[in-house]
Amino acid sequence: MIGGRAAPLALAGATIAVSVSAVLIQEAATDAATVVWLRMALAVAMLAPWALPQLQAGAVGATRRDTILTVTAGALLAAHFITWTASLAYTSVAASVLLVSLHPLIVTPLGTVLHGDHVDARVLAGIGLAVGGTVVTCIGGFGAGGNALRGDLLALSGGVALAGYLLIGRARRNRSGVAAYSAVVYAVVSAAALGTAAIGGTLHSPNGRVIVACIGLAAICTVGGHTVFNWALRRLAASTVSLAFLGEPPLAAVLALLALGQHPPLSTIIGGVLILAGLAVTLSSAPATATVDPAAAGL
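Numbering follows full-length UniProt numbering, with no gaps: position 252 of the sequence shown is 252.
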């Protein structure tokens with residue numbers, strides 16, 4: 001059994017990993033569906049050495065309910081990636097990442113009602129601080145209108161979809177191996193995105209630039225980020241895992257400045273400090289709430 005403090009530390013590492021995604025997506029310079037289906041297909045291939053033995057042992061669960069929940073989780077994650085990736089074509093990296101990260105407002109109350117997750121005063125204070133920082137950061141970008149508003153709405157839709165995905169993952173994690181569950185979910189995401197590309201008339205063979213960017217997205221952001229979040233969902237409340245995503249905006253803004261030359265406004269800097277402070281408060285006080293099935297305790 002991994003120590004109780006390992007989960008918060010793993011969340012911090014996963015947050016750093018997913019913060020790279022916005023820059024890599026813009027570097028890919030192609031449509032959202034292509035980025036999503038390719039990155040997820042590559043992630044499935046990377047997880048295959050661990051996922052296949054778990055699948056052969058029935059680690060994802062054999063009941064109809066398990067299957068429905070897993071497929072639904074994949075569909076929600078697909079919606080999250082497609083809407084959020086599409087939003088980056090219309091609005092700034094900072095605004096997009098911030099709006100897609102409002103899901104703790106949904107996950108926290110529903111996690112308590114649906115899963116009995118305990119949320120103490122310090123965790124609530126951390127969530128309040130982080131969400132407040134999100135609001136501060138967004139102040140400078142809401143007046144853009146036009147295409148920026150379209151991008152903002154797409155990013156917000158991505159946040160709602162991610163909330164549903166995390167809540168289902170919290171329900172499923174104790175019944176599944178992490179690699180097997182993640183690989184099946186990612187396969188559903190890839191298939192959904194591939195279908196979206198075909199229906200939308202954007203299906204094409206990716207060029208070398210897109211492939212390289214998607215390899216980075218798969219290895220760093222998906223396997224090193226989202227798969228670690230799946231691992232943490234069995235050990236921590238869904239609200240805590242959800243909040244960990246809020247560390248992404250300030251880190252993504254810094255990377256966007258360094259890699260893309262996008263200078264964040266003062267509101268983004270101030271909000272980023274508040275977000276990181278709230279994340280630190282929450283992770284330092286987050287209890288390990290989930291009982292892990294020994295059969296699904298590893299990767």
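Think of the CB as a built atom: it goes at the ideal place given N, C-alpha and C, for glycine as much as any other residue.
Asked	Found
With 16 other Cβ atoms within 10 Å as the buried cut-off, status of Leu167	buried
Residue from Val223, Ser157, His263 with nearest C-alpha to Leu102	Ser157
Backbone CA spacing between Gly74 and Ala187 [nearest angstrom]	8 Å
Sub-8 Å separation of Val184 and Met40 beta-carbons	no
Run of the alpha helix (DSSP H) containing Val20, from where it starts to where it stops	Taken as a continuous stretch (DSSP letters only), Val20 belongs to no alpha helix (DSSP H), as it is neither H nor E.
Burial state of Asn207, where buried means 16 or more other Cβ atoms lie within 10 Å	exposed
CB contact flag (Ile82, Ala33, <8 Å)	yes
Top-ranked residue by Cα proximity to Ala125, from Leu243, Gly261, Ala89	Leu243
Nearest residue (CA-CA) to Tyr90, options Leu149, Leu99, Ala161, Ala43	Leu149
Cα-Cα separation between Ala10 and Gly224, rounded to whole angstroms	10 Å
Start-to-end residues for the alpha helix (DSSP H) that takes in Thr30	Note, Thr30: premise wrong, no alpha helix (DSSP H); not H, not E.
Unbroken alpha helix (DSSP H) run spanning Asp66, endpoints	64–87
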